[in-house]
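The listed protein sequences correspond, in order, to chains A and B.
The opening position of the first sequence corresponds to residue 960 in our numbering, with each subsequent residue numbered one higher.
The opening position of the second sequence corresponds to residue 960 in our numbering, with each subsequent residue numbered one higher.
Protein chains: 2
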Amino acid sequence: MDDYKKIEYDRGYEFCCLVFEYLGIPKKDSQQIADVVLTSDLMGIESHGLQRLKMYYDGSKAGRINPNAQPKIIQETMVSAVIDADEGYGQIVGGKAMKLAIQKAKEAGIGMVLVKNSSHYGIAGYYSMMAAKEGLLGISMTNSEALVLPTFGRTPVMGTNPIALTMPAKPYPFHIDMATSVVPAGKIEVYNKKQKAIPIGWVLNAEGKNTTVAQDFINIRKNKTDGGLLPLGGTGETHGGHKGYGLSMMVELMTGILSGGCTSYYVRRDTIKERCCHMFMAIDYAMFGNKEDVEKHMSAYMELVRASNKSEGETRIYTHGERELSQFNDRKMNGFYINGKTYEELEAIAAEAGLDKQKYLGA
Amino acid sequence: MDDYKKIEYDRGYEFCCLVFEYLGIPKKDSQQIADVVLTSDLMGIESHGLQRLKMYYDGSKAGRINPNAQPKIIQETMVSAVIDADEGYGQIVGGKAMKLAIQKAKEAGIGMVLVKNSSHYGIAGYYSMMAAKEGLLGISMTNSEALVLPTFGRTPVMGTNPIALTMPAKPYPFHIDMATSVVPAGKIEVYNKKQKAIPIGWVLNAEGKNTTVAQDFINIRKNKTDGGLLPLGGTGETHGGHKGYGLSMMVELMTGILSGGCTSYYVRRDTIKERCCHMFMAIDYAMFGNKEDVEKHMSAYMELVRASNKSEGETRIYTHGERELSQFNDRKMNGFYINGKTYEELEAIAAEAGLDKQKYLGA
Chain A
960 MDDYKKIEYD
970 RGYEFCCLVF
980 EYLGIPKKDS
990 QQIADVVLTS
1000 DLMGIESHGL
1010 QRLKMYYDGS
1020 KAGRINPNAQ
1030 PKIIQETMVS
1040 AVIDADEGYG
1050 QIVGGKAMKL
1060 AIQKAKEAGI
1070 GMVLVKNSSH
1080 YGIAGYYSMM
1090 AAKEGLLGIS
1100 MTNSEALVLP
1110 TFGRTPVMGT
1120 NPIALTMPAK
1130 PYPFHIDMAT
1140 SVVPAGKIEV
1150 YNKKQKAIPI
1160 GWVLNAEGKN
1170 TTVAQDFINI
1180 RKNKTDGGLL
1190 PLGGTGETHG
1200 GHKGYGLSMM
1210 VELMTGILSG
1220 GCTSYYVRRD
1230 TIKERCCHMF
1240 MAIDYAMFGN
1250 KEDVEKHMSA
1260 YMELVRASNK
1270 SEGETRIYTH
1280 GERELSQFND
1290 RKMNGFYING
1300 KTYEELEAIA
1310 AEAGLDKQKY
1320 LGA
Chain B
960 MDDYKKIEYD
970 RGYEFCCLVF
980 EYLGIPKKDS
990 QQIADVVLTS
1000 DLMGIESHGL
1010 QRLKMYYDGS
1020 KAGRINPNAQ
1030 PKIIQETMVS
1040 AVIDADEGYG
1050 QIVGGKAMKL
1060 AIQKAKEAGI
1070 GMVLVKNSSH
1080 YGIAGYYSMM
1090 AAKEGLLGIS
1100 MTNSEALVLP
1110 TFGRTPVMGT
1120 NPIALTMPAK
1130 PYPFHIDMAT
1140 SVVPAGKIEV
1150 YNKKQKAIPI
1160 GWVLNAEGKN
1170 TTVAQDFINI
1180 RKNKTDGGLL
1190 PLGGTGETHG
1200 GHKGYGLSMM
1210 VELMTGILSG
1220 GCTSYYVRRD
1230 TIKERCCHMF
1240 MAIDYAMFGN
1250 KEDVEKHMSA
1260 YMELVRASNK
1270 SEGETRIYTH
1280 GERELSQFND
1290 RKMNGFYING
1300 KTYEELEAIA
1310 AEAGLDKQKY
1320 LGA
């Protein structure tokens, strides 16, 4: 890990809080954003951790995100709500929206809360885990800047549109948080920082050809040309590319369409604002049976899968969430690593914001 | 289409009804099963149409499905229910369960109905379309016989576990119905009947190697050996195989786990019964905004995607449901084609059930 630098969790968190306060976000809200960012790093999701701080920082400075946003509930029933985020931080309204979904699930069994006019909300899995911590099944989805190609198309018309779901189980919850594209955009950013070639089957360049150059994707995004990420399942239909494309459209429906907000094609387009939309759902599975039995059943099934026969040369089968959560506490205690280029980005932000680099970022 | 034979819709439907009546299913219920089967053929989903009649027929004869099943609601709230299907036909309890979900959605906004101890219910999309016909967003999932490999595994521990979702839109609804494996099992059955090689990346044989021989999969299923279908995203994690595996686990959770029924690993294992589980959800999007506006927004977005730039050599981008539904009425008026081997299976069933082959199946 020669190009990587270690960050202590407590200091990284405090640094992140202070950066958002510097950007004009109230202290409590800054803590919420920092918690989403640092949770990614603690889960080993480098792409969505401090690696993304510069994107948020630049977005705030450019006026893409409203620091004084006043989210408002504009529709509400016993099981549902629609919130207008007033162009604020996705992490702030996201936390509030999932809390509302949780409250509704506890009262009515299911809560489904949609958010429009928001901005990038970080890892989708942060919100589904909030529900699981309350003993509920949690689901979250978001649309995002159009970067993904439909089957047979060459213009990105869909976001990477992740789906996250968390279900309480032991020793780890079942926790999936997946872009409906082959990989999320942040993963290409990380490859680019590492100057590493990306595998064939991730990105088509502006000419519609497979590329292994991460920078090609960065350029597509910057210049809004044709080309982009392939949907899960890849090119064409033979290996199910139309399924990834369909899952992405499903997320557009559950977020931008149902909320009356924007679809990914219009996110960060035409105006300076982001305008993404999110969906949060909590389900109290007590309405289907004894909760403890349901959790035990899930745990036993995951154990059955992990214990099943391995492919040649493989020693383990992982269930979803295991790898992300098994090292969570260790990273919190002992720190985690960020890319040297990310570190340089943080240094530059520290200098601008007048924060003590040595104190927060270490050596 | 030299190996294919034409079937007139009306006669095929009547034939199907009479076969199920011969198997001891009441007339009205036989019509429901036949409607699910024939709807598949009308949508061009050959794998789940009359091609599957022999599987149902043999299953009934073998006692896998209870012809006198009395499904019972065993848990119920305003927004949810759990139904024990009493080992009956999935199509019968499936129709009833989605009707209940629709009724709950009309009253409370959302209805989520789970079914356990059921059997193969046909195309998942049949049920999500039922909700869309009532002006609701419909979702359905089912688990099924374990035929799919987890990432890094060689034993099938998950079913093909399809997800279906239908949302009203014009000129066609958004309608997705996808196995979470690269392809559904029925597609391999069709390739086998055609004696056609399957593409690399669909099936690993009992030794864990890629195979192009459809019969390898048929043998895995018959002999319950290692090997099976790859999850959407394929082998390993590079192209997202862990995502298809995770989606399949998500379906296990929403069906077998939450209902207190069986996971796919135990479907058709140890006992003669099938014991699959289904999930049905209906959402009245009136609770989020003006219904007509929401539908218009969805229609416009699908049109934007269809109209976007095409890949080199491609002339069309399809939205989900377009191909299945655009020829539906034509097939209903003018008939559809079934494989010669499927035709022979139907002839044998006709002979056993004492049905006039000439009258129902034509020449």
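Ideal placement from N, C-alpha and C gives every residue a C-beta, glycine not left out.
For LYS964/A, there is no enclosing alpha helix (DSSP H); the enclosing beta strand (DSSP E) covers residues 963-966.
Around the CB of GLU1303/B, fewer than 16 other CB atoms lie within 10 Å, so the residue is classed as exposed. Distance check between LYS1168/B and each of LEU1188/B, ARG1290/B and THR1036/B places LEU1188/B closest, using alpha-carbon atoms only. In the three-state reduction of the DSSP assignment, TYR1150/A falls in the helix class, which pools H, G and I. VAL1253/B places its beta carbon less than 8 Å from that of ILE1216/A.
With fewer than 16 other beta carbons inside 10 angstroms of its own, ARG1275/A counts as exposed. Taking a Cβ-Cβ cut-off of 7 Å, the neighbours of VAL1264/A in chain B comprise PRO1109 and VAL1116, given in sequence order. The shortest C-alpha to C-alpha distance from MET1057/B to any of MET1089/B, CYS1221/B, LEU1305/B and ILE1147/B is the one to MET1089/B. Residue environment: LYS1075/B is assigned as buried (16 or more neighbouring CB atoms within 10 Å of its CB, all protein chains considered). Here LYS1250/A has GLY1094 and TYR1244 as same chain residues with Cβ atoms under 8 Å from its own Cβ, once five neighbours each way along the sequence are excluded. In the three-state DSSP reduction, VAL1072/B falls in the strand class (E or B). GLN1154/B counts as exposed, since fewer than 16 other beta carbons sit within 10 angstroms of its beta carbon. Under the three-pair Cβ rule at 8 Å, the region 1065-1075 of chain A counts as touching the region 1026-1042 of chain B.
Taking the Cα positions, SER1099/A is about 10 Å away from LEU1073/A.
Boundaries cannot be given for ASP1243/B, as no alpha helix (DSSP H) includes it and DSSP labels it neither H nor E. Scanning ALA1259/B, THR998/B and ALA1060/B for the CA closest to the CA of ALA1241/B turns up ALA1060/B.
LEU1163/A has ASN1169/A and GLY1187/A as its beta-bridge partners, per DSSP.
In this structure, the straight-line span from the alpha carbon of HIS1237/A to that of SER1103/A is close to 9 Å.
Using a Cβ-Cβ cut-off of 9 Å, PRO1158/B is close to THR1197 and HIS1198 of chain A, given in chain order. A direct Cα-Cα distance of roughly 26 Å separates ARG1265/A from HIS1079/B.
Counting only Cβ-Cβ distances below 8 Å, LEU1095/B has no contacts in chain A at all, with the closest Cβ about 12 Å away. In this structure, ARG1180/A lies away from LEU1263/A, with their beta-carbon atoms at least 8 Å apart.
For THR1230/B, there is no enclosing alpha helix (DSSP H), as DSSP gives it neither H nor E. Against chain B, the beta carbon of TYR1244/A has neighbours under 7 Å at LEU1217, listed in chain order. DSSP assignment within the region 1262-1299 of chain A yields the following whole alpha helix (DSSP H) runs of 4 residues or more, N-terminal first: 1281-1285 and 1287-1293. Within the same chain, Cβ atoms closer than 6 Å to the Cβ of TRP1161/A are found at VAL1141 and VAL1142, the five residues on either side in sequence being excluded.
At a cut-off of 8 Å between C-beta atoms, GLY1068/A counts as an interface residue with respect to chain B. When DSSP reads this structure, LYS1031/B sits in a beta bridge with ASP1043/B.
Check the Cα spacing between LEU1108/B and each of HIS1201/B, GLY1272/B and MET1261/B: the tightest is with HIS1201/B.
GLN1029/A sits exposed, since fewer than 16 C-beta atoms from the chains shown fall within 10 Å of its C-beta. By the neighbour-count criterion, in which 16 or more other beta carbons inside 10 Å mark a residue as buried, ASN1120/B falls on the buried side. Interface with chain A (8 Å Cβ-Cβ cutoff): GLU1211/B is included. Of all residues in the region 1038-1058 of chain A, the ones placed with a Cβ closer than 8 Å to any Cβ belonging to chain B are VAL1038, SER1039 and VAL1041, in chain order.
For GLU1281/A, there are no neighbours in chain B by C-beta distance under 8 Å, as the nearest C-beta there is about 11 Å away.
Across the region 994-1005 of chain B, no CB contact with chain A closer than 8 Å is found for any residue.
Only residues of its own chain outside the window of five on either side were considered, and among them GLN991 have a CB closer than 6 Å to the CB of GLY1054/A, listed in chain order.
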